[in-house]
Amino acid sequence: MRIARAFLVAALVALSGACRLPDVQPFADATLQLRTAAVSSGRAISDDIGRVVEHVEGDDAAKAKAKKAHEDFETAWKARNAALSAMVDYSNTLVDVASAPKDSGKTIDGLVGAVTKLSGGVGIPLKVAGEVRGVVMDAAKFITAQIETVLAQKALDGAMRKAQPIIVRISEKLVEDLESMRKLAQDCAGVERNSLAEKYGDFDGYWNHFEPSLLKFEPVNADAAALDRQVKLAQALADAEPRKQERDAAYEKMEARLAAQLELLGATSAACEAWAQTHAQLATAVANNKRVDVQALVSAGNEIKGLVERVRGL
Amino acid sequence: MSKKQWKKLSGFEAWNKELALLLDQAHAAADGNDDTARRAIARDLTDFVNASWPNDDAIKELDQIALATSNALLLQNIGDRVRELTARTGEYKRLTKDISGVTESIAETASALRMESITKAIQSTTAAVQSLKDLSAALGDAPTDKALAKKLTDAIDAIETLRTQVAAVI
Numbered sequence: 000m001r002i003a004r005a006f007l008v009a010a011l012v013a014l015s016g017a018c019r020l021p022d023v024q025p026f027a028d029a030t031l032q033l034r035t036a037a038v039s040s041g042r043a044i045s046d047d048i049g050r051v052v053e054h055v056e057g058d059d060a061a062k063a064k065a066k067k068a069h070e071d072f073e074t075a076w077k078a079r080n081a082a083l084s085a086m087v088d089y090s091n092t093l094v095d096v097a098s099a100p101k102d103s104g105k106t107i108d109g110l111v112g113a114v115t116k117l118s119g120g121v122g123i124p125l126k127v128a129g130e131v132r133g134v135v136m137d138a139a140k141f142i143t144a145q146i147e148t149v150l151a152q153k154a155l156d157g158a159m160r161k162a163q164p165i166i167v168r169i170s171e172k173l174v175e176d177l178e179s180m181r182k183l184a185q186d187c188a189g190v191e192r193n194s195l196a197e198k199y200g201d202f203d204g205y206w207n208h209f210e211p212s213l214l215k216f217e218p219v220n221a222d223a224a225a226l227d228r229q230v231k232l233a234q235a236l237a238d239a240e241p242r243k244q245e246r247d248a249a250y251e252k253m254e255a256r257l258a259a260q261l262e263l264l265g266a267t268s269a270a271c272e273a274w275a276q277t278h279a280q281l282a283t284a285v286a287n288n289k290r291v292d293v294q295a296l297v298s299a300g301n302e303i304k305g306l307v308e309r310v311r312g313l
Numbered sequence: 000m001s002k003k004q005w006k007k008l009s010g011f012e013a014w015n016k017e018l019a020l021l022l023d024q025a026h027a028a029a030d031g032n033d034d035t036a037r038r039a040i041a042r043d044l045t046d047f048v049n050a051s052w053p054n055d056d057a058i059k060e061l062d063q064i065a066l067a068t069s070n071a072l073l074l075q076n077i078g079d080r081v082r083e084l085t086a087r088t089g090e091y092k093r094l095t096k097d098i099s100g101v102t103e104s105i106a107e108t109a110s111a112l113r114m115e116s117i118t119k120a121i122q123s124t125t126a127a128v129q130s131l132k133d134l135s136a137a138l139g140d141a142p143t144d145k146a147l148a149k150k151l152t153d154a155i156d157a158i159e160t161l162r163t164q165v166a167a168v169i
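Now the structure itself:
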């Protein structure tokens, strides 16, 4: 019996390379992250256009244009969210199929437990029952898992071949969208910058005009009138300092938000391409029974996770 | 005149002339298809507002014209980009339908595989029974072997009963 067991173990080891499925879980995780990034990007741009509506409040024609753009963007973005939700469903189903062989092992484990109980019930010595159970059930379990793996492989292969051109197309469209959104973010920031220029324009002109005079002033040989003028100017600028700080903070906030959005949009775009490439590699790996390196996709996912949190924080 | 030279400008006439040049460029950009050019002129107009001096009523009027023109260029860009996105929406709907179709077909396979695993599990008990029968046949006539053979037969009966019960469930 020990020889049979050793032979069986050797056979299992030899056969174990015959059929295996790549780990599709990282792809499913990345698809979910991509959806989160796209949803966050869409939300950020929608908020930007919403702010544009507020910034052009006094101009009815401009406000009407901005409102229409906001509504149209919201409607258009729903279709992207729906497409990415469908992709999440697809990737989860891939995981479901790939895990079926493991689940069948659990089903057999349940039966092995029941058989053991019955063996004990009829009084077979435990040592014999254990060995019989070990050899026969291990073999049965392995063979079943192999059959399941082959069936899962065929199912995955067929589905992933069909899905690949769709995924490539969705990825291409998303990259185009993200480029449009990169421009939208810049243009919305431009309107916000105009709003700040309107709010602080007086102040900027005043500050820009007098600050250089103050800095360039040479007190040596200056007459009393010039000195008095400089003292008054220095005091005026010192009085204006709190407003300058408020102005600088407003600009910094707007520029920081724009920078974070552009970074997220760029990283999401790169992740889209990595996502479609990884799916192609997974499809090839399933068809050719090979392993696939998903590290690039995992890294891209981790990067956008951090960026999403940053954009949400702003 | 470059923006660096704006520091030398002062008074309505000089700034008015500068704004006229920017408005010409803005009109050309608005008529063209280059969103980058529009964005650049829009930014120049914003910078005009920050740089113009002194901030008297006449200059403030120029600033208002500059801001309205800058916003108009940016809104033109925003409208164009949203139209681009809207134009691609139809294809997303088709692609969503396509990928949902693939998901449905593979989900059916996943369900079939799970049923298959139960079937295979039952078959595995058949293999177990056969192995126990082979073991039983290989035993000799010694009294201890006979006792073991009896226990093996009981085990086979029990496993077959189990298999029948599992098969009845599915």
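In order, the protein sequences belong to chains A and B. Using numbering that gives the first Met the number 0, you'd call the opening residue of the first sequence number 0 and step up by one each time. Using numbering that gives the first Met the number 0, you'd call the opening residue of the second sequence number 0 and step up by one each time. C-beta: ideal position from N, C-alpha, C; glycine also. All figures in this text were calculated on a predicted structure; none of them were measured in a lab.
Contacts that residue i makes with chain A (C-beta to C-beta distance below 7 Å)
{"i": "A41/B", "result": "G189"}
{"i": "W52/B", "result": "G204 and H208"}
{"i": "E17/B", "result": "Those within 7 Å of E17/B in chain A number zero; the least Cβ separation is about 14 Å."}
{"i": "D62/B", "result": "G200"}
{"i": "D34/B", "result": "K182"}
Cutoff 8 Å: residue i Cβ touching any chain B Cβ
{"i": "V127/A", "result": "Any reading at V127/A must be qualified, since the residue scores a pLDDT of 45, below 50, and its modelled position is unreliable; the value itself is stated next. Taking Cβ atoms only, chain B reaches closer than 8 Å to V127/A, which makes this a yes."}
{"i": "R324/A", "result": "What the structure shows of chain A is the stretch from 0 to 313, and residue 324/A is not part of that stretch, so it cannot be assessed."}
{"i": "G265/A", "result": "no"}
{"i": "L150/A", "result": "yes"}
{"i": "K252/A", "result": "no"}
{"i": "A282/A", "result": "no"}
{"i": "S179/A", "result": "yes"}
{"i": "L11/A", "result": "With a pLDDT of 42 at L11/A, under the threshold of 50, the modelled position of this residue cannot be trusted; read the value that follows with caution. Cβ-Cβ to chain B under 8 Å: no for L11/A."}
{"i": "V285/A", "result": "no"}
{"i": "R314/A", "result": "Any answer about residue 314/A is impossible in this case: the structure gives chain A only from 0 up to 313."}
{"i": "D59/A", "result": "no"}
{"i": "D95/A", "result": "yes"}
{"i": "A249/A", "result": "no"}
{"i": "A224/A", "result": "no"}
{"i": "K64/A", "result": "yes"}
{"i": "V55/A", "result": "yes"}
Exposure of residue i, with buried meaning 16 or more beta-carbon neighbours within 10 Å
{"i": "A266/A", "result": "buried"}
{"i": "N49/B", "result": "buried"}
{"i": "A65/A", "result": "buried"}
{"i": "G300/A", "result": "buried"}
{"i": "V12/A", "result": "Bear in mind that the predicted position of V12/A carries a pLDDT of just 42, short of 50, making it unreliable; the figure below should be weighed with that in mind. Exposed, by the Cβ-count rule."}
{"i": "P241/A", "result": "exposed"}
{"i": "K126/A", "result": "With a pLDDT of 46 at K126/A, under the threshold of 50, the modelled position of this residue cannot be trusted; read the value that follows with caution. K126/A is exposed by the Cβ-count criterion."}
{"i": "A19/B", "result": "exposed"}
{"i": "K150/B", "result": "buried"}
{"i": "L226/A", "result": "exposed"}
{"i": "P164/A", "result": "exposed"}
{"i": "V310/A", "result": "buried"}
{"i": "K172/A", "result": "buried"}
{"i": "M159/A", "result": "buried"}
Closest Cα partner of residue i within the set the options
{"i": "A99/A", "options": "E240/A, A29/A, T30/A and L155/A", "result": "L155/A"}
{"i": "E12/B", "options": "R42/B, I77/B, P53/B and R87/B", "result": "P53/B"}
{"i": "D95/A", "options": "E107/B, L20/B, A36/B and Q129/B", "result": "E107/B"}
{"i": "H26/B", "options": "N70/B, K145/B, I77/B and T85/B", "result": "N70/B"}
{"i": "S268/A", "options": "L177/A, N287/A and A184/A", "result": "L177/A"}
{"i": "Q260/A", "options": "L183/A, K62/A and A61/A", "result": "L183/A"}
{"i": "S170/A", "options": "L94/B, L73/B and R80/B", "result": "L94/B"}
{"i": "K62/A", "options": "T85/B, L73/B, K59/B and E60/B", "result": "L73/B"}
{"i": "K92/B", "options": "A97/A, A255/A, V87/A and K77/A", "result": "K77/A"}
CB contact below 8 Å: residue i versus chain A
{"i": "T143/B", "result": "no"}
{"i": "G31/B", "result": "no"}
{"i": "A106/B", "result": "yes"}
{"i": "S135/B", "result": "no"}
{"i": "L73/B", "result": "yes"}
{"i": "L22/B", "result": "no"}
{"i": "S1/B", "result": "no"}
Inter-residue CB distance, residue i and residue j (contact presumed, cutoff 8 Å)
{"i": "T45/B", "j": "A75/A", "result": "Not a contact, Cβ separation roughly 28 Å."}
{"i": "F26/A", "j": "S90/A", "result": "6 Å"}
{"i": "L22/B", "j": "W14/B", "result": "Between W14/B and L22/B the Cβ distance is about 12 Å, and since that is not below 8 Å, they are no contact."}
{"i": "L314/A", "j": "A273/A", "result": "It is not possible to answer for residue 314/A, since the shown part of chain A is limited to 0 through 313."}
Proximal residues of chain B, C-beta to C-beta of residue i below 7 Å
{"i": "F72/A", "result": "V81 and L84"}
{"i": "R168/A", "result": "L94"}
{"i": "R192/A", "result": "T45"}
{"i": "L183/A", "result": "I77 and R80"}
{"i": "T92/A", "result": "T102, I105, A106 and A109"}
{"i": "A78/A", "result": "T88, Y91 and K92"}
{"i": "A162/A", "result": "I98 and V101"}
Contact list for residue i against chain A, beta-carbon separation under 9 Å
{"i": "D55/B", "result": "Within 9 Å Cβ-Cβ: nothing; D55/B doesn't reach chain A, min ~10 Å."}
{"i": "L138/B", "result": "None at all; the shortest Cβ gap to chain A is about 11 Å."}
Beta-carbon neighbours of residue i, restricted to chain B and to distances below 8 Å
{"i": "I165/A", "result": "L94, D97, I98 and V101"}
{"i": "K215/A", "result": "In chain order: nothing, as chain B lies at least about 12 Å away."}
Cβ of residue i within 8 Å of any chain C Cβ
{"i": "V297/A", "result": "Absent from the structure: chain C. Protein chains present are A and B."}
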